[in-house]
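> According to the numbering used here, the stretch in the sequence shown is residues 18 to 633, in order.
Glycine residues also receive a C-beta, built at the ideal position from the N, C-alpha and C atoms.
Quick one: structure below, then a few questions.
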Amino acid sequence: MKYQNARQVTSPVDAHSVDSPTDEGWFDRGQAARHGDRFAQLKYATIMMVDDEPIMMDVIQTFLEDEGYRNFVTTDQSTQAMGLIFRERPDVVLLDLMMPEVTGFDILKAMRSDREFEHVPVIVLTSSTDADTKLKVLELGATDFLAKPVDPSELALRLRNTLAAKAYQDHLAYYDVLTGLPNRRMLLDRLSAVLADARRDQKAVAMLHIGLDRFKEINDTLGPKAGDGVLKGVAQRLERYVQGSDAATGMGWEVSWRSPSRLGGDEFVVMLPQIHRVEDAARLARRILALVEEPFYVGGNEVFVTLSIGIAVFPNDGEETDTLVKHAGIATRYAKQQGRSTYRFYSKEINARSLERLRFENDLRRALINDELLLYYQPKVDTGTGRVTGVEALLRWNHPEHGIVLPDEFISLAEETGLIVAMGEWVLNEACRQARAWQSAGLDMLSVAVNVSSQQFRQCQLTGTIQAALEGSGLDPRHLTLELTESMIMDNAKGNTDILHQMKEMGLKLSIDDFGTGYSSLSYLKRFPLDELKIDRSFISDLDTDADDAAIVTAIIAMGHGLGLSVVAEGVEAERQLAFLKQRGCEGYQGYLFSRPLAADDLYSLIGFGATRSVT
Numbered sequence: 018m019k020y021q022n023a024r025q026v027t028s029p030v031d032a033h034s035v036d037s038p039t040d041e042g043w044f045d046r047g048q049a050a051r052h053g054d055r056f057a058q059l060k061y062a063t064i065m066m067v068d069d070e071p072i073m074m075d076v077i078q079t080f081l082e083d084e085g086y087r088n089f090v091t092t093d094q095s096t097q098a099m100g101l102i103f104r105e106r107p108d109v110v111l112l113d114l115m116m117p118e119v120t121g122f123d124i125l126k127a128m129r130s131d132r133e134f135e136h137v138p139v140i141v142l143t144s145s146t147d148a149d150t151k152l153k154v155l156e157l158g159a160t161d162f163l164a165k166p167v168d169p170s171e172l173a174l175r176l177r178n179t180l181a182a183k184a185y186q187d188h189l190a191y192y193d194v195l196t197g198l199p200n201r202r203m204l205l206d207r208l209s210a211v212l213a214d215a216r217r218d219q220k221a222v223a224m225l226h227i228g229l230d231r232f233k234e235i236n237d238t239l240g241p242k243a244g245d246g247v248l249k250g251v252a253q254r255l256e257r258y259v260q261g262s263d264a265a266t267g268m269g270w271e272v273s274w275r276s277p278s279r280l281g282g283d284e285f286v287v288m289l290p291q292i293h294r295v296e297d298a299a300r301l302a303r304r305i306l307a308l309v310e311e312p313f314y315v316g317g318n319e320v321f322v323t324l325s326i327g328i329a330v331f332p333n334d335g336e337e338t339d340t341l342v343k344h345a346g347i348a349t350r351y352a353k354q355q356g357r358s359t360y361r362f363y364s365k366e367i368n369a370r371s372l373e374r375l376r377f378e379n380d381l382r383r384a385l386i387n388d389e390l391l392l393y394y395q396p397k398v399d400t401g402t403g404r405v406t407g408v409e410a411l412l413r414w415n416h417p418e419h420g421i422v423l424p425d426e427f428i429s430l431a432e433e434t435g436l437i438v439a440m441g442e443w444v445l446n447e448a449c450r451q452a453r454a455w456q457s458a459g460l461d462m463l464s465v466a467v468n469v470s471s472q473q474f475r476q477c478q479l480t481g482t483i484q485a486a487l488e489g490s491g492l493d494p495r496h497l498t499l500e501l502t503e504s505m506i507m508d509n510a511k512g513n514t515d516i517l518h519q520m521k522e523m524g525l526k527l528s529i530d531d532f533g534t535g536y537s538s539l540s541y542l543k544r545f546p547l548d549e550l551k552i553d554r555s556f557i558s559d560l561d562t563d564a565d566d567a568a569i570v571t572a573i574i575a576m577g578h579g580l581g582l583s584v585v586a587e588g589v590e591a592e593r594q595l596a597f598l599k600q601r602g603c604e605g606y607q608g609y610l611f612s613r614p615l616a617a618d619d620l621y622s623l624i625g626f627g628a629t630r631s632v633t
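This is the structure we're talking about:
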């Protein structure tokens with residue numbers, strides 16, 4: 018017997034060889050539940066009935082159709098029930114108990130022993146109403162129990178309540194709590210189904226993996242609540258666009274599922290099932306990048322966000338779900354390395370570079386543990402006397418295979434991974450220890466300058482870290498200078514003023530590094546308790562040939578003196594540069610003209626015997 022709107026099994030089914038369902042309704046049910054339609058399950062729920070009495074199933078289906086249910090799967094062959102459950106993935110099973118060969122008890126036990134179906138609701142319908150039977154089916158995990166003949170109104174009410182509870186559970190299991198988007202679990206389920214269709218139809222599928230650029234900085238600066246606000250804002254813009262008509266019409270491709278997903282953290286995914294051209298994915302990526310051009314307003318703050326997008330295409334970039342997701346993520350990381358706010362397609366070359374970068378990151382993590390970091394020191398020289406007055410500590414990495422690695426090659430990676438904070442703490446402790454050792458060896462007035470990263474500066478325990486380094490080394494605070502960048506202290510300038518005053522009260526000296534390359538507000542600059550400005554080397558290299566550079570350097574020196582600060586020039590390599598600086602009253606300089614950065618012992622050999630530069 019075949020029923021209207023019902024599917025029956027006509028041959029045995031091997032439960033372990035059946036593909037994941039691709040039924041459109043299976044997708045839409047969760048979507049409806051997500052949007053809060055409490056009766057949407059009536060339209061989309063798949064109800065499976067297992068009963069050896071076809072007439073009983075016919076009566077129940079007729080009544081439930083009158084109640085608004087549409088999707089039914091029925092079988093009067095209990096031996097085929099589990100195979101049918103694996104294939105159809107019903108939302109609820111109406112199960113008879115007393116059936117030949119395979120009983121309802123057997124089916125219920127099999128379902129509850131399978132992780133995939135252990136939580137599928139099962140309402141037992143049976144003429145056996147004795148207490149022992151009820152107790153046994155409930156112990157096996159039945160959701161509800163109804164005696165035959167079934168009262169239609171009671172069945173409708175219990176079915177509705179059961180499906181409402183399941184819809185809520187599905188929402189928690191398959192949707193991200195913060196953004197309301199499908200989560201990683203649902204994405205992987207749907208991607209498996211989409212790839213199965215693509216294999217059958219020999220079509221291509223594109224996955225766009227979307228990552229927020231510098232999201233950690235937003236969290237660290239404005240707090241997790243603001244970070245959550247940005248994630249919700251991005252999710253809303255993605256969803257409005259991807260589900261809007263413009264995303265499909267006008268681009269020439271069909272979208273069978275147009276909902277972005279949140280993969281986790283600051284990562285989102287958009288799938289394009291059965292694309293006709295790879296360029297379709299690139300066009301959508303460009304439009305998604307444009308979605309965040311307007312700022313987000315979170316907690317009274319205007320926040321600008323950029324995205325990086327990685328694109329992987331089935332089957333060329335991977336034929337399995339995990340592979341496609343992994344390769345799209347690799348392409349995203351590569352896009353971030355290429356300057357952010359862009360998109361990149363996955364390639365084998367990118368994968369090779371990604372693996373190399375991963376190995377490099379692992380090596381960097383071990384560098385701290387294996388004591389592979391070391392400091393070089395560049396002298397700071399008094400332009401008037403030619404004597405060394407201090408040194409700047411510069412980080413190096415003594416890689417076991419590559420030798421000495423300069424900071425340009427690993428600092429950005431340390432910042433991305435958060436290792437920069439631990440490295441900064443190590444630098445601070447080592448620089449203070451070495452300065453104190455030099456002083457004990459006779460270099461009494463030698464001071465040391467340490468660069469502070471933006472992440473380290475934002476750490477609330479920085480002052481405690483500094484205090485511990487000073488106490489542990491015995492170094493007088495007067496001989497420690499912290500070098501900060503303009504952009505670092507101008508970000509939240511009002512709040513940072515208090516932090517700088519706290520540091521100043523500890524007896525430290527404060528210097529603005531790379532002055533002229535960032536942005537400054539003079540109204541705030543005069544309030545900062547600074548001691549020194551360091552002119553960036555980019556203004557020094559063409560000092561004698563570029564009139565603009567000469568004017569800028571002259572102005573910086575005059576401004577620094579006007580604010581009561583000493584001025585130091587970096588990157589001095591020629592006598593004519595030094596002569597220009599001396600003429601304008603610049604107090605100090607660093608650069609190859611006097612010395613390259615040196616290891617601690619080499620520096621002591623240079624200045625420990627009274628090395629100076631002749632002053633003319």
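Hey, out of Lys-153, Gly-228, Ser-464, His-293, whose CA is closest to Gly-524's CA?
When each option's Cα is compared against that of Gly-524, the closest is Ser-464.
> Per DSSP, Asp-388 forms a beta bridge with which residues?
According to DSSP, Asp-388 bridges with nothing at all.
> Roughly how many whole angstroms lie between the Cα atoms of Glu-118 and Gln-94?
Cα to Cα, Glu-118 sits roughly 9 Å from Gln-94.
> When the Cα of Glu-284 is compared with those of Ala-348, Arg-106, Gln-291, which residue comes out closest?
Nearest of Ala-348, Arg-106, Gln-291 to Glu-284, Cα basis: Ala-348.
> DSSP puts Tyr-192 in a beta bridge; with which residues?
Paired residues: Pro-199.
> For Glu-284, which residues does DSSP report across the bridge?
Per DSSP, Gly-228, Gly-281.
> Taking C-alpha atoms, which residue in Arg-303, Leu-301, Val-322 lies nearest to Glu-636?
The requested residue 636 does not occur in the structure, where the chain is confined to residues 18 to 633.
> For Phe-597 and Leu-229, I'd like the C-alpha separation in whole angstroms.
Their Cα atoms are separated by approximately 46 Å.
> Flag this pair as yes or no: are the beta carbons of Gly-218 and Arg-475 separated by less than 8 Å?
The amino acid at residue 218 is misidentified as Gly; the sequence shows Asp. Going by C-beta atoms, Asp-218 is not nearer than 8 Å to Arg-475.
> Going by Cα to Cα distance, which pick from Phe-232, Thr-534, Ala-127, Leu-372 is closest to Met-99?
When each option's Cα is compared against that of Met-99, the closest is Ala-127.
> Spell out a yes or no on whether the stretch 418 to 427 and the stretch 469 to 486 are touching, meaning 3 or more CB-CB pairs, one atom from each, closer than 8 Å.
Too few Cβ pairs lie closer than 8 Å, so no.
> Between which two residues does the beta strand (DSSP E) carrying Ile-557 extend?
Run containing Ile-557: none; DSSP gives neither H nor E here.
> With C-beta atoms as the reference, is Ala-111 less than 8 Å away from Ile-72?
First, the amino acid is wrong: residue 111 is Leu here, not Ala. For Leu-111 and Ile-72, no; Cβs fall outside 8 Å.
> Ignore the nearest five residues each way along the sequence and tell me which others in Thr-160's own chain have a CB closer than 7 Å to its CB.
Here the set comprises Pro-138, Val-139, Ile-140, Thr-179.
> Specify the secondary structure class of Arg-55 as computed by DSSP and reduced to three states.
Note that Arg-55 scores 45 on pLDDT, short of 50, meaning its location in the model is unreliable; the coordinates nonetheless yield the value given after this. Three-state result, Arg-55: coil.
> Nearest to Pro-199 by alpha carbon, out of Glu-256, Gly-489, Leu-163, Leu-301?
Per the Cα distances, Glu-256.
> So what's Thr-349 in DSSP terms, helix, strand or just coil?
Three-state DSSP puts Thr-349 in a helix.
> Quick one: give me the first and last residue of the alpha helix (DSSP H) that Leu-155 is part of.
Where Leu-155 is concerned, the enclosing alpha helix (DSSP H) stretches over 148 to 156.
> Would you be able to state if there are at least three C-beta pairs under 8 Å between the stretch 284 to 297 and the stretch 169 to 186?
Output reads no: the stretch 284 to 297 does not touch the stretch 169 to 186.
> Taking only runs that begin and end inside the stretch 394 to 441, name each unbroken alpha helix (DSSP H) of 4 or more residues, in chain order.
Complete alpha helix (DSSP H) runs here, min 4: 428 to 434.
> Decide if Ser-277 is buried, meaning its Cβ has at least 16 other Cβ atoms within 10 Å, or exposed.
One detail in the question is off: residue 277 reads as Pro in this sequence, not Ser. Counting Cβ neighbours within 10 Å, Pro-277 comes out buried, since at least 16 surround it.
> Please say whether Ala-190 and Arg-175 have beta carbons closer to each other than 8 Å?
The answer is no: Cβ separation not under 8 Å.
> Answer with yes or no whether the minimum CB distance from Leu-392 to chain C is below 8 Å.
Included in the structure is just one protein chain, with no chain C present.
> Taking DSSP as the reference, what is the three-state secondary structure of Asn-509?
Correct three-state label for Asn-509: coil.
> Hey, quick one: how far does the alpha helix (DSSP H) through Gly-579 stretch, first residue to last?
Start and end: 564 to 579.
> Just to confirm my understanding: we take Arg-613, look at its own chain, exclude 5 residues before and 5 after, and list those with CB closer than 8 Å. What are they?
Closer than 8 Å at the Cβ level, and outside the excluded window around Arg-613, lie Gln-395.
> What do you get for Gln-484, buried or exposed, if any count of 16 or more other CB atoms within 10 angstroms of its CB means buried?
Gln-484 should be labelled exposed.
> Under the rule that 16 or more other beta-carbon atoms within 10 Å means buried, what is His-344, buried or exposed?
Burial call: buried.
> For Arg-544, which residues from the same chain have a beta carbon less than 6 Å from its beta carbon, with the 5 sequence-adjacent residues on both sides left out?
Excluding positions up to five away in sequence, the list reads Thr-514.
> When the Cβ atoms of the stretch 242 to 255 are set against those of the stretch 158 to 173, are three or more pairs found closer than 8 Å?
No, the stretch 242 to 255 is not in contact with the stretch 158 to 173.
> Say whether the stretch 449 to 459 touches the stretch 490 to 507, bearing in mind that this needs 3 or more beta-carbon pairs closer than 8 Å, one atom from each stretch.
Yes, the stretch 449 to 459 is in contact with the stretch 490 to 507.
> Indicate the three-state DSSP secondary structure (helix, strand or coil) for Glu-41 in the structure shown.
With a pLDDT of 37 at Glu-41, under the threshold of 50, the modelled position of that residue is not reliable, and the figure given next carries that caveat. It is helical.
> Buried or exposed: Ala-410, going by 16 or more other Cβ atoms within 10 Å of its Cβ?
So Ala-410 ends up on the buried side.
> Just to confirm, is the Cβ distance from Ala-298 to Val-330 under 8 Å?
Yes, the Cβ-Cβ distance between Ala-298 and Val-330 is below 8 Å.
> Consult DSSP for Arg-370 and reduce its assignment to one of helix, strand or coil.
Residue state, collapsed to three classes: helix.
> Could you pull out every unbroken beta strand (DSSP E) segment of at least 3 residues lying fully inside the stretch 463 to 501, listed in chain order?
Listed in chain order, the complete beta strand (DSSP E) runs (minimum 3 residues) inside the stretch 463 to 501 are 464 to 468.
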